[in-house]
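Input: a single structure, listed below in structure tokens.
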Amino acid sequence: MKRILLVGMCALVFWAVPSHAQRGSREIPTPTDGLKDAYKDYFMIGASVNIKNVSDADQIAMIKREFNSITAENAMKPQPTEPQKGEFNWEDADRIADFCRQNGIKLRGHTLMWHSQIGSWMYQDEKGNLLPKEEFYANMKHHIQAIVNRYKDVVYCWDVVNEAVADSPVWPGRPELRESPMYKIAGEEFIYKAFEYAHEADPDALLFYNDYNDAEPAKSQRIYNLVKRMKDAGVPVDGIGMQGHYNIYGPNMSDVDAAINLYSKVVKHIHITELDIRLNEDKGGALRFNQGSGQVTDWERILQQDQYVNLFKVLRKHKDVVDCVTFWNISDKDSWLGAANSALLFDVNYKPKRSYLAVKGFDPEADKAVIKEDFKPSELNQPGQEYPMVNSQGYARFRIYAPKATSVISSIAGGTVLHKDADGYWTGTTAAPEDEGFHYYHLTIDGGVVNDPGTNNYYGSIRWESGIEIPAHDADFYAEKNVPHGNVQQILFWSNSTDQLRKAFVYTPPQYDNGKKKYPVLYLQHGWGENEYAWWNQGRANLIMDNLIAEGKIEPFIVVMTYGMTNDVRIGELGRFNYTHFQTVLCDELVPYVDSHFRTIAKKDSRAMAGLSMGGMETHTITLARPEMFSYYGLMSGGIYLPDEIQDPKQVKGIFIGCGSKEGPERVMKAVSDLQAAGFNAQGYVSDGTAHEFLTWRRCLYQMAPMLFK
Ligand code: XIL
């Protein structure tokens with residue numbers, strides 16, 4: 085996820101979008117293969133369909149691409165197929181069966197006996213009195229056997245009995261089963277009979293008991309108990325169908341895992357039969373439910389994706405017993421929950437959503453990953469704070485106390501969802517190791533954005549964000565060491581052009597205070613969303629300088645870091661940003677101020693300008709617009725120079741261009757070789773294993789500094 089987002093300059097921009105804002109849905113191209121292909125080594129992928137779905141060419145193409153199992157959403161249920169005793173209506177069921185026959189798609193039969201969508205003739209007389217048991221059984225037998233016989237060439241399994249177990253809580257003295265009319269007539273035995281009739285009609289079909297709230301511990305125990313009693317009584321039950329009408333808040337995937345473990349003690353086949361994950365607290369099979377608002381906030385989308393991704397991870401783990409996973413409807417347009425619940429992986433236009441890509445693009449190797457429990461507090465934590473933590477593999481773990489919250493997300497890795505413990509703490513670990521180095525993040529609690537109280541804050545995304553540090557293997561070059569240290573001091577200078585008192589931070593090298601020596605100056609700019617604090621806090625520019633000087637790798641110089649006026653620019657309008665105001669502040673106000681207040685070598689050849697990301701773009705524009713000002717130019721994840729752009733080759737003595745290996749470095753390296761071919765002193769650098777983040781820029785500064793002022 086993060087890897088996709090954090091490419092190029094845009095990374096900081098995406099990062100900065102407040103997580104409560106709705107992101108424009110970038111359209112995902114129509115896939116060439118489907119979920120069924122991605123999961124071919126695991127289980128079948130199915131969907132329930134209506135008649136329209138199998139009549140429209142585009143929808144048919146989508147079904148054939150994505151699914152290799154189908155369930156009739158309504159067409160094979162008791163009432164639609166036999167509304168009155170002996171009056172059968174096979175039209176829709178036949179069409180769906182034919183669709184499967186013609187296309188070689190497997191058909192799950194749903195459902196033979198259910199308290200809902202059933203003609204009341206099945207269990208009561210015209211006056212509403214329950215039928216005698218024998219009459220009810222005769223009705224049930226002729227219905228079940230008629231439909232099973234009719235489709236036995238194509239239906240490979242049946243949900244024989246649906247939703248017969250009682251919902252929680254079951255009060256003392258009440259039965260574990262739903263007190264439906266069927267139950268009232270015959271007790272538990274009607275379930276056994278239904279399976280026997282079905283088996284008699286088609287001994288080859290796999291027969292399932294199907295229910296919802298299937299991962300809720302108490303109900304799953306009752307489901308298990310029922311199926312166990314059936315098995316013990318010799319009833320031909322082969323599998324348990326977990327409907328899987330879940331939501332973004334639950335169930336907890338450890339409960340799903342536990343339920344599958346429990347069920348697999350008594351059956352060899354588990355199907356997820358009716359999967360959808362809605363955006364509110366409703367769940368299960370109730371036919372009255374929250375219709376949803378139609379607004380999918382970013383944090384809801386993250387919670388939903390997390391549920392889908394982690395559910396499929398659990399299901400893959402149980403592939404020996406899970407053999408089919410069926411979505412309830414093919415797209416949000418068709419969803420029984422209504423489009424506004426946005427519960428499926430395809431949108432109302434049958435286009436895949438981001439969660440589709442996440443479910444499909446799983447990494448089988450990552451499934452096997454074992455997280456080492458050697459977590460330690462992040463080095464950026466506030467004094468005495470245990471969390472956030474990082475481990476030796478680069479996983480990050482968060483823990484927050486929020487007893488009344490309903491959802492907590494850390495923005496790390498595109499959204500790491502935390503889960504609640506019994507004691508009100510929320511804990512979550514990144515799904516994969518994070519890149520080495522510094523990362524900004526924040527928490528989204530019930531849609532509200534806050535910082536993590538465990539760690540320090542760093543200015544990025546136009547706000548003070550939480551920071552976490554994944555120890556880098558090369559951290560030594562910016563480590564705090566017992567070497568002579570320079571100072572970072574704040575200066576305030578009056579700017580006539582903006583009619584404001586402005587701020588900058590100036591690093592003076594260790595030797596500066598005792599001597600008369602004059603020094604060259606690097607003007608070093610932050611990126612979009614950041615400010616003049618970034619380079620010497622999360623950037624560690626002063627420590628990098630101290631260490632380089634102590635090792636004798638550079639001649640000491642001064643570094644000036646000021647605010648680049650970039651934060652008024654709105655996302656999407658970066659291209660139109662007008663650099664001239666900052667150019668005036670920098671070249672005509674700050675440089676003269678620094679030259680008159682510090683012992684600088686106030687000459688072009690002793691002046692460099694460099695910047696990261698948007699600061700790189702400023703550097704590019706200003707160095708070219710004011711060739712008399714700077715002799716060394718540095719761009720870090722912030723564009724390139726073309727040889728033709730530089731009017732007079734003698735105007736520049738050195739050009740540095742760097743970026744992270746995850747930012748598409750080819751363009752940078754090509755630019756550098758073009759510059760070198762044109763005779764410029766250009767140096768390129770690619771930071772291994774990093775994206776548009778501060779470890780890239782720390783390393784860039786470390787690489788660039790030795791080439792300056794030579
Ligand atoms: C739903 C259908 O999707 C709706 O079109 C219909 O109006 C009601 O039934 N559990 C089940 C499914 O087993 O059969 C239900 O299907 C959803 C809940």
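In the working numbering, the protein residues as written are 85 to 794. Each residue gets a CB set at the ideal place from its N, CA and C atoms; glycine is no exception. Note that the structure is a prediction, hence the values are computed from the model and not measured.
DSSP places Ala761 in the uninterrupted alpha helix (DSSP H) bounded by Glu750 to Ala761. In the structure shown, the three-state DSSP call for Arg654 is coil. In the three-state DSSP reduction, Glu449 falls in the helix class (H, G or I). For His355, the uninterrupted beta strand (DSSP E) run begins and ends at His353 to Arg362, by DSSP. Contact between Phe641 and Phe793 holds: CB atoms are separated by about 6 angstroms, below the 8 angstroms threshold. Using a 10 angstroms sphere on the CB of Trp578, the tally of other CB atoms stays under 16, which defines it as exposed. Counting only runs of 3+ residues, the beta strand (DSSP E) found wholly inside the stretch 598-672 occupies 605-609 and 642-646, in chain order. Of the residues Phe589, Thr684, Ala516 and Gly521, the one whose Cα lies closest to the Cα of Gly599 is Thr684. Thr195 has its CB nearer than 8 angstroms to a heavy atom of ligand 1. CA-to-CA, the gap between Tyr440 and Lys367 works out to about 21 angstroms. Within the same chain, and ignoring the five residues on either side of Asn541 in sequence, the residues whose Cβ sits closer than 8 angstroms to its Cβ are Asn535, Trp548, Glu549, Ser550 and Gly551. Check the Cα spacing between Asn765 and each of Leu779, Ala775, Cys784 and Ile739: the tightest is with Ile739.
Counting only runs of at least 4 residues, the stretch 680-728 fully encloses the following alpha helix (DSSP H) elements, listed from N- to C-terminal order: 698-709. Ranked by how close their Cα comes to the Cα of Leu779, the residues Phe561, Ser494 and Lys303 have Phe561 in first place. For Asn374, no alpha helix (DSSP H) run applies, since DSSP gives it neither H nor E. In the DSSP assignment, Ile455 falls outside any alpha helix (DSSP H) and carries neither an H nor an E. In the DSSP annotation of this structure, the continuous segment of the beta strand (DSSP E) that includes Arg586 starts and ends at Gln584 to Thr592.
Looking at the backbone, the Cα of Thr155 and that of Leu215 are separated by about 31 angstroms.
Taking 8 angstroms as the upper bound for CB-CB distance, Gly748 and Met720 are not in contact here, some 14 angstroms apart. Assignment of Thr514 by DSSP, reduced to helix, strand and coil, places it in the coil class. Within the stretch 181-259, the complete beta strand (DSSP E) segments of 3 residues or longer fall at 190-198 and 239-246, listed in chain order. Every beta strand (DSSP E) stretch that sits fully inside the stretch 454-494 and reaches 3 residues is listed by chain position as 480-485 and 492-494.
By the Cβ neighbour-count rule, Trp255 is exposed, with fewer than 16 other Cβ atoms within 10 Å of its own. The C-beta separation of Tyr543 from Asn615 comes to about 5 angstroms, placing the pair in contact by the 8 angstroms criterion. For Ile307, the enclosing alpha helix (DSSP H) covers residues Pro301 to Asp316. For Tyr330, same chain residues with a beta-carbon under 7 angstroms away, outside a window of 5 residues either side, are Ile361, Lys367 and Gln391 in chain order. Annotation: the continuous beta strand (DSSP E) that includes Phe292 extends over Leu290 to Asp295. The three-state secondary structure of His283, taken from DSSP, is helix.
Excluding the 5 residues flanking it on each side, Asp530 has same chain C-beta neighbours closer than 7 angstroms at Ala489, Thr490 and Ser491, in chain order. With contacts defined by Cβ atoms closer than 9 angstroms, Tyr126 and Lys352 do not form a contacting pair.
Looking only at Leu429, Gly742, Lys687 and Met753, the smallest Cα-Cα distance to Gln735 is reached by Lys687. Pairwise C-beta distances place the stretch 443-461 out of contact with the stretch 406-415, as fewer than three of them are shorter than 8 angstroms. Across the structure, Gly323 and Tyr240 are spaced so that their CA atoms are roughly 12 angstroms apart.
For Ile324, there is no enclosing alpha helix (DSSP H); the enclosing beta strand (DSSP E) has its first and last residue at Gly323 to Met326. In the three-state DSSP reduction, Ser338 falls in the helix class (H, G or I). The beta carbon of Leu527 sits no closer than 8 angstroms to any heavy atom of ligand 1.
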